[in-house]
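Colleague:
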Amino acid sequence: MRYRLNILWANIVNTFRRETAYFSQNWSNFFSTVFYTLAMVVFVDVLFSNITTLAGYSREEMLFMVFIGQVAYYFGWGVFGINGERLNEDINNGSFDFVLVRPAPPLFFVLFRNISIIGTLRDSLANILVISFLINWTTLHITLSSIVLGSVVFIAGQIIWQYIRVGLVFPAFWFGSAKNIMSISYELTETHNLPLEGYPQSLRILFTTLIPTIIVSAMAGSVILNKSNGLIMAGWAIAVTVALSFVFVWAWNSALKHYSSASS
Amino acid sequence: MKKIFHNIPLFWKVIKFNFLKVIAYPWEWVAFFAQRIIFYLLLLIFWFAVAQSSTHSINFRSLVAYFLIASSVREITFAYHTKMGRDTMRYIQYGDLNNYLIKPVPTIPFLFFSYIGQNWMPIVYSIFAIAAGVIILPPTSIINIIEFIAFLILAFMVSISFNLFVAILGFHMIEANGLRNAFNHTIEIFSGILIPMTFFPGIFRTIVMHSPFPIVAFTPAYVLQNSLKFGEVFSLFAVSLVWAIGLLFLMIRWWKWSLRKYEGVGI
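Protein sequence lines correspond, in order, to chains U and A. The letter at position 93 of the first sequence is residue 93 when you use the working numbering, and the numbering goes up by one with no holes. Take any residue in the second sequence, note its place counting from 1, add 1000, and you have its number in the working numbering.
Structure representation (structure tokens):
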């Protein structure tokens, strides 16, 4: 355990050094996220100039869903997102050999190689504060228990998303590259935009079981806003996470067997 | 221009060479089409929920056709995430542009044709998607199709300018990906790719329609799907033409000016 914590710490420090090396990168990323937030706020406002509620969600509740979507994005994609891309590059150009020869558990290393804390804080803080400021919190029906249960769903959703991001790279072990296959995960982030109740029943089942992409945002948001039964949702999210963990480890072991190293 | 025509056989070879690089990974094509279908389906699910929640009637069939055409226009004119600009920006930042500058061919067309060779999948997808959009909601007359083609050309010119803008950032900044993303978000929201301009409220819509962003997605789809009065088409065409010529002229000038300041490895 201590050894793994040392690896985590080394990865955090290494990522921090890389991220703070270029000053202009900091500002350009900051601008990017500010523009994204502004675009999303314009989107919600334009939408609600045509409708009064969306799938039972008011404008304030939709802004809250944008808030949850943003927190989910930064927490998942910002902190760990690049690990999938790096795995694909490594397999494609043979550098994965170096991962295998390191004295660290390969799967653990691949999942947590890049932990971008400073970069994520830099990009996310201003946006999340802006969205928080725009939401009229008094109109939302949020309770302490809904926050606790929503957080459980959120954390389970983050673990699931890390499996999805990295898991979609596994075909690279067979085909040499999985750049476009991995990019499917970017498209699936669009599932964050619609509330859980907006999905037709069949798609709701699909996106919470086989392709569980909406657990982190739509389901967590629905629980926090007391729109669905928090206990059942939290139980479901944990069950899916456990099941997916087994599938993920099995897929990793199968994929490793098909890796043709650059040096063999 | 003469130089470009003179080099057409070479550019054809460039397209073929880059095409062969892409077909080395057949599963990647499948994934590409899966990506686009997922994006499109999720957009439709979202708008289906909006249509269900709306008190006034929203023609869902027309929305399906609109999103098919608008997203394809963005794709076929290379405005999608300004990827061509991003690639060129990287060449500039990493000094790889030198490899293109030393070639006895015009640099921008050479980069453009390399990009086409690597990105034939979006072109194929867009052609099918536009055809599907036309089948779902056929245009009322042949005039709509002629107008669509004219606006498509203008969209292409604006899109090339957008890509050049992103590429030029690479001359002036060490890392400009964030700014590129900011620019892409702006295109995404004001081009009508996520929300048609017809949903924008009055004055806000007028302001956005006078910007260059709707030209790369909304305007061509709008003229194809609606029988507009001559005055409206003329006004849209005038605005689009001014942006298309003005931006392209400006960006080419800026590119040439920036190129003179370029300090590449080995030059």
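We treat Cβ as the ideally placed atom computed from N, Cα and C, and that holds for glycine.
On the premise that S1235(A) lies in contact with T1219(A), defined as a C-beta separation below 8 Å, what is that separation, rounded to the nearest angstrom?
Modeller: Wrong, their Cβ atoms sit about 11 Å apart, outside the cutoff.
Colleague: Using 10 angstroms around the beta-carbon of K227(U), count the other beta-carbons present and answer buried if the total reaches 16, otherwise exposed.
Modeller: buried
Colleague: Report the neighbours of S1071(A) on chain U: residues whose CB is nearer than 7 Å to its CB, in chain order.
Modeller: The premise fails here: S1071(A) is roughly 12 Å from chain U at the closest Cβ pair, so nothing lies under 7 Å.
Colleague: So is M1209(A) in contact with chain U if we call contact Cβ pairs under 8 Å?
Modeller: Not one chain U Cβ lies under 8 Å of M1209(A).
Colleague: Would you call E1263(A) buried or exposed, if buried means 16 or more other Cβ atoms sit within 10 Å of its Cβ?
Modeller: exposed
Colleague: Below 8 Å on the Cβ atoms is my guess for G157(U) versus V242(U); work out the distance and round it to an integer in Å.
Modeller: 13 Å between Cβ atoms; not a contact.
Colleague: Taking all protein chains shown into account, do 16 or more other C-beta atoms lie within 10 angstroms of the C-beta of S245(U), making it buried, or fewer, making it exposed?
Modeller: exposed
Colleague: With DSSP collapsed to three states, give me the class of Y1262(A).
Modeller: coil
Colleague: Between the alpha carbons of R204(U) and L196(U), how many angstroms are there, rounded?
Modeller: 7 Å
Colleague: Give, in chain order, every residue of the region 1019 to 1038 of chain A whose Cβ lies closer than 7 Å to some Cβ of chain U.
Modeller: Y1025, W1027, E1028, A1031, F1032, A1034, Q1035 and I1038
Colleague: Here's the rule: buried if 16 or more other CB atoms are within 10 angstroms of the residue's CB, otherwise exposed. What is L1042(A)?
Modeller: buried
Colleague: Is there a Cβ of chain U sitting closer than 8 Å to that of P1201(A), yes or no?
Modeller: Judged by the 8 Å Cβ criterion, P1201(A) is in contact with chain U.
Colleague: Against N29(U), what residues of chain A qualify as contacts under a CB-to-CB distance less than 7 Å, listed in chain order?
Modeller: G1178
Colleague: Per DSSP, which residues does L111(U) bridge with? Please list them.
Modeller: Residue pairing for L111(U): DSSP places it in no beta bridge.
Colleague: Between the alpha carbons of I1102(A) and D1096(A), how many angstroms are there, rounded?
Modeller: 11 Å
Colleague: Any idea if I1168(A) is buried or exposed, counting beta-carbon neighbours within 10 angstroms, 16 or more meaning buried?
Modeller: buried
Colleague: I believe T1077(A) touches V1166(A) by the beta-carbon criterion, under 8 Å. Please report the beta-carbon distance rounded to the nearest angstrom.
Modeller: Not confirmed; about 14 Å, so no contact.
Colleague: Classify H258(U) as buried or exposed, calling it buried when 16 or more other Cβ atoms lie within 10 Å of its own Cβ.
Modeller: When all chains shown are included, H258(U) counts as exposed.
Colleague: Quick check: what's the CA-CA separation for M1089(A) versus V1105(A)?
Modeller: 19 Å
Colleague: For the ligand GDP, is there any heavy atom lying closer than 7 Å to the beta carbon of Y186(U)?
Modeller: The ligand GDP is not part of the structure shown, which contains no ligands of any sort.
Colleague: Does S1054(A) come within less than 8 Å of chain U when only Cβ atoms are used?
Modeller: yes
Colleague: Consult DSSP for L54(U) and reduce its assignment to one of helix, strand or coil.
Modeller: In the three-state scheme derived from DSSP, where H, G and I count as helix and E and B as strand, L54(U) is classed as strand.
Colleague: In the DSSP assignment, the alpha helix (DSSP H) including S228(U) goes from what residue to what residue?
Modeller: Run containing S228(U): none; DSSP gives neither H nor E here.
Colleague: So for D1096(A), helix, strand or coil by DSSP?
Modeller: coil
Colleague: Leaving aside the five residues before and after H1210(A) along the sequence, list all residues of the same chain whose C-beta is less than 8 Å from its C-beta, in chain order.
Modeller: So the list reads V1239, once near-sequence residues are dropped.
Colleague: Under three-state DSSP, which class holds K1103(A)?
Modeller: Assigned with DSSP and collapsed to three states, K1103(A) falls in coil, not helix or strand.
Colleague: Measuring alpha carbon to alpha carbon, tell me which of P1139(A), L1152(A) and I1069(A) ends up nearest F1128(A).
Modeller: Put simply, of P1139(A), L1152(A) and I1069(A) the residue whose alpha carbon is nearest the alpha carbon of F1128(A) is I1069(A).
Colleague: Mind checking if E187(U) is an interface residue toward chain A, Cβ cutoff 8 Å exclusive?
Modeller: Interface residue (Cβ-Cβ distance to chain A less than 8 Å): E187(U) is classified as such.
Colleague: Chain A partners of V42(U), CB-CB under 7 Å?
Modeller: I1189
Colleague: Under 8 Å between C-beta atoms, does P103(U) make it to chain A?
Modeller: no
Colleague: Which residue marks the beginning of the alpha helix (DSSP H) containing G1202(A), and which one marks its end?
Modeller: Residues G1202 to M1209.
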